[in-house]
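Undergrad: Below you will find the structure I want to go over with you.
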Amino acid sequence: MKRLVLAGLVLCAAAIATAQGDQDLLKPDPSDWVQYSGSYNSHRHSLLNQITPANAATLQGKWTYHMNQQEAIQAVPIVYHGVMYVSQFNRIDAIDARSGNIVWQYQRPPLTRGAQRGTAIYNNKVFVTGADGALVAVDARTGHTVWETKTPAPWRLAGQAPLVAKGKVIVSGNTPSGFIQAYDAETGRHLWTFNTIPQKAGDPGSETWAGDSFKVGGGPVWVSGSYDPEQNAIFYGTGQPGSQWAGEVREGDNLYTDSIVAIDVDTGKIKWHFQNTPHDVHDWDSLEMPVLIDARFQGQPRKLLVQANRNGFYYILDRMNGKFLQGTPFVSKVNWASGLSPEGRPILTPGHEPTVEGSHTCPSTAGATNWPSPAFNPDLNYFFLVAQEGCGLVLRTTNRPGAGGGYLESPKPEEAWQLYVRALDATSGKKIWDYQQISSFHYGPGVLSTAGGLVFAGEHKGQVTALDARTGKSLWHYNTGDLITSSPMSYAIDGQQYIAISSGTNVFAFGLPRTN
Amino acid sequence: MKIRYICVLAVVLLALAGGSLTVLAQRGGGAGGRGGAAAGPANPFLGNAQAVDQGREIYNQTCTTCHGPDGAAGEMGPALGAPARRYAQGTDAQIFEAIKNGIPATQMPPFGTQLSDDDVWKVAAYIRGLRGTAIDAPAAGDAASGEQIFWAKGQCGNCHVVKGKGGLVGPDLTNLAGTRKTASIVDALTKPIHKVFGDGGAIPRILIPNTTYQPVRVTAADGKVITGVLKNEDSYSLQIMGTDNQLHMFDRARVKVAYEPTSLMPTDYDKRLTADEFKNLLAFLTRLYVAAPPPAPARGGGGVG
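Protein chains in written order, with my numbering: chain A, 1 to 516; chain B, 1001 to 1305.
Quick look at the structure:
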């Protein structure tokens, strides 16, 4: 990990023509950032180490690219061999990642605004979704359409970045209920669909919904997942049950909502599941990124899956079988459960169901964390996340069965929402350090870890900060001047490491001053 | 100890009040009302309080996942009640169309298969009602007398500007009645927690100035103390409007910052004023309105060269 991975790196524009395939995804060149989370294990840990705590204070802007006619970018840019791809619904811009100059732009009509979170690359194709359910493969060199398909009715894709695994483009969605689908990356042919909740009586999990109450829907999937080639499985989080504030119309655990599911990438069949929040009434989606870690746990080398969940607990699972190993709160106030059972089931405390008057619940529905991605530094065994301290009032509009609801920030000043970048020991869940993001109190961008020993964190209102990965100390910051709603990433060209992050409708790239 | 005003709780207060929403909704929509230009058919349930209540019920069962309870904004959709939003300028027919058929090229799906046309119109009537502000039905009372109270006994002008006159620490109230509901103004005068529109969990779409008016006391390196309200802050800097009516900018690393727990805004006006004085002040406040400028004339005619 300590070797200077930039050394000897020579790339040129002609490299764009290089066919890009499985190896580039299985073992990505550290100079590239080939997918939403950077790598299949979702570490968001760049192996580039040119920027360090010793020189981070000298970081400077290299270029800015404006993505015209769009709303705030939520996509994480990807970079392959010097070309950056930034997406929206129906849209990809290809940029020279050295200069910020546009190379080509793909715009499928109509111009669409919405929360779209990224693209993916495979075999000279980049993939983009449309708000109308379209999935399009675009030539990575020209922006020309290679194939276009549409999600079969009644499904509708959500805005998560596609994940390419074993030649399949994995996408997902929320409508009419949660699903994950695979399409052939070469042809666009639909291969399989996994439904996150039962579609009819007798389907797996239907026994955990009273009667046919699974018809209320739920289990949306609007964030990408991880992939373990060795296990031939993808790992995705799923969202909350329908009728989200009114559990009385769907008694039971409501599988596979608010769960982590392991899906066979060839067949779409479920291998195992772990449900973080059975019978959820707080809208605590489990869509926080599942991070795959190979580490010693309680003295044994284990293949782990860890997740900091919206419900306030940091989970450590055995990813070979989904078995619960450990779960600890990662925020200071968790009052809805007194802990987790040996199987990982929350031990509920009374009085936190939504009510017309509002019930006091910590964390709030906004969550102890949310979809902005965490990161993992394997050298330090630190798990970095955006933690939200604070509590909420959870409401329903009436006492009638199936009533709607909502949530508010707790009116107690000491329970106001406040974001932190937080480092945990990845295999104990213990807090190592905090960095308070002053004035940030809702969601915020995810984080990036680098082998140089840094954590890069955007703040919702526009600051980008470099933190010392060991201590959390701020070493450098830059105000991008607009909302930041996506995670930072890193790449390299010709021996120069870049940190890129979207802010508003712009992409910013930072790097050290050149010495040559 | 830092506090943040709870921008959203008043939504609940409004929801609990219930009836006031209904009254507003009865006025809303249709041709002739503010913002109610007559493109498309009028809402058949205009003025029908029962139908508006039914619309609220349908809304709160169907729309809250994205738009939040009572239109406060949710995790995916925008606030429907915020007056400044472009949605607020839509006609009833446009609202009906958006609900029934969805909005192309957005995440707004069609509800026409799920809701009858009548139900869609009822929801549209309810949404229309969310948008009314105080100027649509100013409170009864002697506004001229209320103006006197504003500047004298109420001491409102120490912190608030009306038409260019007054103190700078609080919000400018020149167009108060065009942006707030009467119930919200009453809450602001009488309740410690009183703001109306908040994110309710939504991610803001654009960077906007801070509206918390958080009281703060800053001690500079030379010992000088500045009190005022936060205009903005981050982990590295502070921007403050001082009680001296001057802007102050600070490098956070060089000062000590104390957040005051209590708002500078008094919330006992129903006690410090007589009932008549309060009524008259409300009459004045609910008439503070600046009409939107007429649409700019279409370009053309000038030509080039």
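Think of the CB as a built atom: it goes at the ideal place given N, C-alpha and C, for glycine as much as any other residue.
In chain A, which residues lie with their C-beta within 8 Å of the C-beta of B/Glu1233?
TA: Looking up residue 1233 of chain B in the second sequence gives position 233. Simply Ile438, Ser439.
Undergrad: Can you list, in chain order, the residues of its chain whose CB lies under 8 Å from that of A/Val138, leaving out five sequence neighbours each side?
TA: Translated into positions along the first sequence, residue 138 of chain A becomes position 138. Here the set comprises Ile92, Tyr106, Lys125, Val126, Phe127, Val128, His144, Thr145, Val146.
Undergrad: What residue ranges within the stretch 1110-1170 of chain B form continuous alpha helix (DSSP H) runs of no fewer than 4 residues, ordered along the chain?
TA: Correct list: 1117-1130, 1143-1151.
Undergrad: Does DSSP classify A/Gly511 as helix, strand or coil?
TA: What you label residue 511 of chain A is simply residue 511 of the first sequence in a count that begins at 1. DSSP places A/Gly511 in strand when its eight states are reduced to three.
Undergrad: So what's A/Thr52 in DSSP terms, helix, strand or just coil?
TA: In the first sequence, counting from the first residue as 1, residue 52 of chain A sits at position 52. It is coil, neither helix nor strand.
Undergrad: Quick one, which of B/His1067, B/Gly1055, B/Asp1092, B/Gln1050 has its alpha-carbon nearest B/Gly1040's?
TA: Start at 1 with the first residue of the second sequence, and residue 1040 of chain B comes out as number 40. Here the closest residue by C-alpha is B/Asp1092.
Undergrad: With a threshold of 8 Å between beta carbons, is B/Thr1113 in contact with chain A?
TA: Within the second sequence, residue 1113 of chain B is the residue found at index 113, counting from 1. It does not; no Cβ of chain A falls within 8 Å.
Undergrad: Is the stretch 78-86 of chain A touching the stretch 463-483 of chain A in the sense that three or more CB pairs, one from each, lie closer than 8 Å?
TA: Cβ pair count under 8 Å is below three, so no.
Undergrad: Could you list which residues in chain D have their beta carbon closer than 9 Å to that of A/Ser474, in chain order?
TA: As a matter of chain content, chain D is missing from the structure shown, whose protein chains are A and B.
Undergrad: Taking the Cβ atom as the reference point for each residue, do A/Gln116 and A/Gln74 lie within a distance shorter than 8 Å?
TA: As a position in the first sequence, residue 116 of chain A is number 116, starting the count at 1. As a position in the first sequence, residue 74 of chain A is number 74, starting the count at 1. Yes, they are a contact pair.
Undergrad: Checking contacts by CB at 8 Å: is B/Lys1002 closer than that to chain A?
TA: What you label residue 1002 of chain B is simply residue 2 of the second sequence in a count that begins at 1. The predicted position of B/Lys1002 is uncertain, since its pLDDT is 39 and thus under 50; no value can be drawn from it.
Undergrad: Nearest CA to the CA of B/Asn1060: which residue from A/Gly392, A/Ala246, A/Pro413, A/Glu186?
TA: As a first step, residue 1060 of chain B is located in the second sequence; it is residue number 60 there, counting from the start. Of the listed residues, the one whose Cα sits closest to B/Asn1060 is A/Ala246.
Undergrad: Exposed or buried, A/Gln240, counting other C-beta atoms within 10 Å across all chains shown (16 or more means buried)?
TA: As a working note, residue 240 of chain A is residue 240 in the first sequence. Counting Cβ neighbours within 10 Å, A/Gln240 comes out buried, since at least 16 surround it.
Undergrad: Mind pulling the chain A residues with CB within less than 7 Å of B/Gln1094?
TA: Sequence index remark: in the second sequence, residue 1094 of chain B carries index 94 (1-based). Here the premise fails: no neighbours, minimum Cβ distance about 18 Å.
Undergrad: Hey, does B/Leu1247 have any beta-carbon neighbour from chain A nearer than 8 Å?
TA: Start at 1 with the first residue of the second sequence, and residue 1247 of chain B comes out as number 247. By this cut-off, B/Leu1247 is not an interface position.
Undergrad: Check A/Phe214 in the structure and name its three-state DSSP category.
TA: Residue 214 of chain A sits at position 214 when you count from the first residue of the first sequence. Reduced to three states, the DSSP call for A/Phe214 is helix.
Undergrad: May I ask you to report which of helix, strand or coil DSSP gives B/Lys1279?
TA: By one-based count along the second sequence, residue 1279 of chain B stands at place 279. Of the three classes helix, strand and coil, the one that applies to B/Lys1279 here is helix, per DSSP.
Undergrad: Return the bridge partner residues of A/Met320 from the DSSP annotation.
TA: Indexing the first sequence from 1 puts residue 320 of chain A at position 320. Bridge partners of A/Met320: none, in fact.
Undergrad: Kindly say whether A/Asp482, judged by its beta-carbon, lies nearer than 8 Å to any beta-carbon of chain B.
TA: The residue you call residue 482 of chain A lines up with position 482 of the first sequence. Interface residue, yes.
Undergrad: Cβ of A/Ile170 within 8 Å of Cβ of A/Ile270?
TA: By 1-based counting over the first sequence, the position of residue 170 of chain A is 170. By 1-based counting over the first sequence, the position of residue 270 of chain A is 270. No. Outside cutoff.
Undergrad: Leaving aside the five residues before and after A/Arg514 along the sequence, list all residues of the same chain whose C-beta is less than 8 Å from its C-beta, in chain order.
TA: The residue you call residue 514 of chain A lines up with position 514 of the first sequence. Here the set comprises Gln496.
Undergrad: Looking at the unbroken beta strand (DSSP E) that takes in A/Gly145, where does it start and where does it end?
TA: Taking the first sequence and counting its residues from 1, one reaches residue 145 of chain A at position 145. Residue 145 of chain A is actually Thr in this sequence, not Gly. A/Thr145 -> beta strand (DSSP E) spans 145-150.
Undergrad: Shorter than 8 Å from the beta carbon of A/Thr175 to some beta carbon of chain B?
TA: Here the question's residue 175 of chain A lines up with position 175 in the first sequence. True, the Cβ-Cβ gap to chain B drops below 8 Å.
Undergrad: For A/Lys303 and A/Asp318, which I take to be in contact (beta-carbon distance under 8 Å), what is that distance rounded to the nearest angstrom?
TA: Residue numbering aside, residue 303 of chain A sits at position 303 when the first sequence is read from its first letter. Residue numbering aside, residue 318 of chain A sits at position 318 when the first sequence is read from its first letter. At roughly 7 Å, the Cβ-Cβ gap stays under 8 Å, so A/Lys303 and A/Asp318 are in contact.
Undergrad: With a cut-off of 8 Å, do at least 3 Cβ pairs link the stretch 1216-1229 of chain B to the stretch 1177-1194 of chain B?
TA: In short, these stretches do not touch, since the Cβ pair count stays below three.
Undergrad: Based on the DSSP secondary-structure assignment, which residues constitute the bridge partners of B/Gln1239?
TA: Sequence index remark: in the second sequence, residue 1239 of chain B carries index 239 (1-based). Answer is B/Asn1232, B/Met1249.
Undergrad: How about A/Thr397: is its C-beta nearer than 8 Å to some C-beta of chain B?
TA: Stepping through the first sequence from its first residue, residue 397 of chain A is reached at position 397. Closer than 8 Å: yes.
Undergrad: Where does A/Lys62 land, buried or exposed, given buried means 16+ other C-beta within 10 angstroms?
TA: In the first sequence, residue 62 of chain A corresponds to position 62, counting from 1. Buried is the call here.
Undergrad: Out of A/His273, A/Val507, A/Gly252, which one is the CA nearest neighbour of A/Ala262?
TA: Sequence index remark: in the first sequence, residue 262 of chain A carries index 262 (1-based). Closest option to A/Ala262, Cα to Cα, is A/His273.
Undergrad: Beta carbon of A/Ser503, beta carbon of A/Gly453: below 8 Å?
TA: Numbered from its first residue, the first sequence carries residue 503 of chain A at position 503. Numbered from its first residue, the first sequence carries residue 453 of chain A at position 453. It is not a contact, given that the beta carbons lie outside the stated cut-off.
Undergrad: What first and last residue would you give for the alpha helix (DSSP H) that runs through B/Asn1101?
TA: As a first step, residue 1101 of chain B must be located in the second sequence, where it is residue number 101. Segment 1092-1101, the alpha helix (DSSP H) holding B/Asn1101.
Undergrad: Enumerated in chain order, which unbroken segments of the alpha helix (DSSP H) with a length of 4 residues or greater are wholly contained in the stretch 356-438 of chain A?
TA: The stretch 356-438 of chain A contains no whole alpha helix (DSSP H) run of 4 or more residues.
Undergrad: Using the C-alpha atoms, what's the distance from A/Gly312 back to A/Phe297?
TA: Taking the first sequence and counting its residues from 1, one reaches residue 297 of chain A at position 297. Taking the first sequence and counting its residues from 1, one reaches residue 312 of chain A at position 312. Going from the Cα of A/Phe297 to the Cα of A/Gly312 covers about 21 Å.
Undergrad: Exposed or buried, which one is A/Gly390 when buried takes at least 16 other CB atoms within 10 Å?
TA: The residue you call residue 390 of chain A lines up with position 390 of the first sequence. Per the 10 Å Cβ criterion, buried.
Undergrad: Indicate the three-state DSSP secondary structure (helix, strand or coil) for A/Asp482 in the structure shown.
TA: In the first sequence, the residue the question calls residue 482 of chain A occupies position 482. Reduced to three states, the DSSP call for A/Asp482 is coil.
Undergrad: Quick one: is A/Pro488 near chain B, going by C-beta distance under 8 Å?
TA: Start at 1 with the first residue of the first sequence, and residue 488 of chain A comes out as number 488. No, its Cβ sits nowhere closer than 8 Å to a Cβ of chain B.
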